[in-house]
Structures are given as C-alpha cells and as structure tokens.
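Inspection log for the structure reproduced underneath, given as structure tokens.
Numbering (our numbering), first residue to last: 392 to 561.
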C-alpha cells in the first residue's frame, strides 16, 4: 500500500530487450547480442552519397514519412536508392573498412511510398557485421560515389581496406 492512498504499489515489469548498442562486454545474459558500434549507414540517392546513421532504424532522411511495401508495383514512379552498410575493424596496420553490403530500395517522395525488402536489409546488415563484402549489385556510378565517400571520409582506412578497394575498383 502507498502512503497516499489505499492502492497497492505497482511493480515495474522488466522488459526483455536486445542490447543492440553497447560498449560493454557481456558475460551471461545478453552475451552474443549484436554490437552495431562499428557499423555505419551510407545512403546513395541519385548523384549523392552521404552517411546517415538514421538508416540503422529505418529513419534516414529519405525513409522518413514513407510507407514501405514489399510489392515493387506499388511504387511505379519511384527512384532507386541504396543503403550501404559499412563495418570498420582494426588490425595491426590500423583501422579499415572490413565489410560492406548494399541494399536496394525505391522511393517515391511525392506519393510517400517506397519499396524495400526488410529481410534483405537485415541480412545484409548482418553480412556487413560479419565482414563480408557484397556490393556487386551497385551500378558503376553508385560504386564510384561510394568509393569517393569512403576515401574522403578516411583515406588511411581506405588504403588499409584491400577487399573493399578491390570490390570498388580502387
């Protein structure tokens, strides 16, 4: 009972949640949870490539306010955009781009409609975390935009990133 009334105190239920972003090392419960600290999101939209961390939760600049469908025909006037998941790792030589995967989506900003396959985005995020390079689905122009962004962001990391450099023709 509370002091102010005759109602019993409510105990807060502890919710079971994934520990998605953390710098702590876990032992026991929560061990093996996904650590996204080393992953960044790059959006490629037309002639522009930029980092947008909001994409981690489907809240990038181009995704906000868009109702997504898994049916490509629902977005007949959409433009092709890409999310590229990039994982950074560290070796004896220094940090480097260790994994990179690209996910396609179509956005019709005017109609506020979009197309993407969420399972593909989740799987490719997982592949990037596992240090895989899967960017051959990008066109030549998009690969060039991604290459330029990665070089401009950190040229030392780019120089240490043999697999990503080769995949992007650098």
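Each residue gets a CB set at the ideal place from its N, CA and C atoms; glycine is no exception.
Taking C-alpha positions only, residue 486 is separated from residue 547 by approximately 8 angstroms. Between the stretch 529 to 537 and the stretch 499 to 518 there are fewer than three C-beta pairs closer than 8 angstroms, too few to call the two in contact. With at least 16 other beta carbons inside 10 angstroms of its own, residue 492 counts as buried. Contact between residue 472 and residue 453 holds: their C-beta atoms lie close to 6 angstroms from each other, under 8 angstroms.
Here the stretch 516 to 528 makes contact with the stretch 475 to 483; the two share three or more CB pairs at distances below 8 angstroms. For the pair residue 506 and residue 451, the CB atoms are not nearer than the 8 angstroms cut-off. The DSSP assignment places complete beta strand (DSSP E) segments of no fewer than 3 residues inside the stretch 477 to 537 at 485 to 499, 504 to 506, in order along the chain. Straight through space, the alpha carbons of residue 508 and residue 465 are spaced by roughly 13 angstroms.
Excluding sequence positions up to five before and after residue 522, its CB lies within less than 8 angstroms of the CB of 478, 480, 489, 490, all in the same chain and listed in chain order. Note that the C-beta distance between residue 457 and residue 520 is not below 8 angstroms.
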